[in-house]
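Notes follow once the structure below has been shown.
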Amino acid sequence: VEACNQLAYLVAAVPPLPTAVAPRLRAWHALLDARRALTSRVQALEHGLSDANLRQMPDFETRVEVLKTMGYLDQDRTVTLKGRVACEIATGDELVGTEIIFAGVLTDVPPEEAVALLAALVFQEKNASPPELSGSLKDACQRAKDLAFAAGEVQMRHGLAVAPGEFVGATLRFGLTEVVHEWARGTKFAEICQFTDVQEGSIVRTIVRLDEMCRDVRNAARIMGDSALYEKMEAASAAIKRDIVFSASLYVSGG
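Just so we're aligned, residue 1 is where the sequence shown starts under the numbering used here, counting upward by one.
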């Protein structure tokens, strides 16, 4: 009791703060409280991110092993020429696109067929009437499927949740391959629309994005020192970049 009385006496003896200081002191206390709350929040988020990163590490390491197996990284995890080419493929699936390039699939067909094949990497709709393909274009599409299936198998063998058949269907969609082939050959837009049940707007968007894909492959060819592929992609781009599809009045973009 005596101690409590002494404390009360001391508290009462403390002189009151000047009127001008009290508001500032309350503001400083509020800032300190906010800083402590933010610091605590940052620490909690950092801890959460650390846990998330630890959970992702096995998947990351597995994907690194996949890239090593497929030749995109060497044993020291240094990016190879194949890996550099993959970095240039920004429009379609970079893994399948790079496999197609390095297997020489584009090299073995004329520009109009090469760009038609690349359309399978760009076209995004799942439901489309199947194309009627023949000759070297049909063979090239089958080679692309085989390469995608093999890439899926490598990922599956390393423990990733990838079904090779589903991987093919997710990365290659041939719904507009025939349409693009005819367009690159000079067929009128109204006529190519008769080859598919895909809407005209989707056809236009795909062809515009396909021009970006041609640019990606040109960049890849430059890195590889493949002048023949570079020239072929220039010819392919010129073949599709015409008429109503690239009319400025359509207000379309490649996104």
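Built from N, CA and C at the ideal position, the CB exists for glycine as well.
Beta carbon of residue i nearer than 9 Å to that of residue j
i: G169; j: V198; result: no
i: V115; j: G92; result: no
i: T196; j: S129; result: yes
i: C141; j: L117; result: yes
i: A161; j: E99; result: no
Nearest-angstrom Cα separation, counted from residue j out to residue i
i: T80; j: I89; result: 15 Å
i: E125; j: E200; result: 13 Å
i: T69; j: A103; result: 16 Å
i: G254; j: V180; result: In this predicted model, G254 has a pLDDT of only 44, less than 50, meaning its place in the structure is not dependable; the value taken from the coordinates is given anyway. So the alpha carbons of these two residues sit roughly 16 Å apart.
i: H158; j: G71; result: 15 Å
i: V154; j: E191; result: 41 Å
i: L45; j: L38; result: 10 Å
i: C193; j: V208; result: 16 Å
i: A30; j: E61; result: 46 Å
i: S249; j: A228; result: Confidence is the limiting factor: at S249 the pLDDT is only 48, short of 50, which leaves the residue's position unreliable and the question unanswerable from this model.
i: N5; j: Q43; result: 42 Å
i: S40; j: A34; result: 10 Å
i: E234; j: V204; result: 19 Å
i: M156; j: F246; result: 41 Å
i: R36; j: E166; result: 50 Å
i: E2; j: Y9; result: 10 Å
i: I101; j: D139; result: 15 Å
i: G135; j: H47; result: 58 Å
Sequence-distant residues of its chain with Cβ nearer than 7 Å to residue i (five each side left out)
i: R77; result: V64
i: D211; result: S237, I240, K241
i: Q75; result: K68
i: A27; result: none
Own chain residues within Cβ distance below 6 Å of residue i, not counting five before or after
i: P131; result: F174, T177, E178
i: R143; result: V105
i: F149; result: P164, V168
i: T171; result: D93, V96, A148
Reference residue i, options the options, closest by Cα
i: T107; options: A236, W28, V154; result: A236
i: K188; options: I244, A30, M224; result: I244
i: G186; options: E112, G225, L118, E166; result: E112
i: K82; options: K232, G225, M233, E234; result: G225
i: R256; options: S202, A27, K232; result: No answer is possible for residue 256: it lies beyond the span of the chain, which begins at 1 and ends at 255.
i: W183; options: L31, M156, A228, A119; result: A119
i: V85; options: V204, F246, M213; result: M213
i: S202; options: L32, G135, Y9, N127; result: N127
Residue-level contact to chain B via CB, residue i, 9 Å cutoff
i: A8; result: Protein chain content of the structure displayed is limited to a single chain, and chain B is not contained in it.
Same chain only: Cβ atoms within 8 Å of residue i, ignoring 5 sequence neighbours per side
i: Y230; result: R218, A221, R222
i: L67; result: L73, G83
i: K145; result: V168, L172
i: D59; result: L160
Whole-Å CB distance - residue i paired with residue j, under 8 Å assumed
i: E133; j: V109; result: For the record, residue 133 in the displayed sequence is Leu; it is not Glu. With 8 Å as the limit, L133 and V109 do not qualify as a contact, their Cβ atoms being about 12 Å apart.
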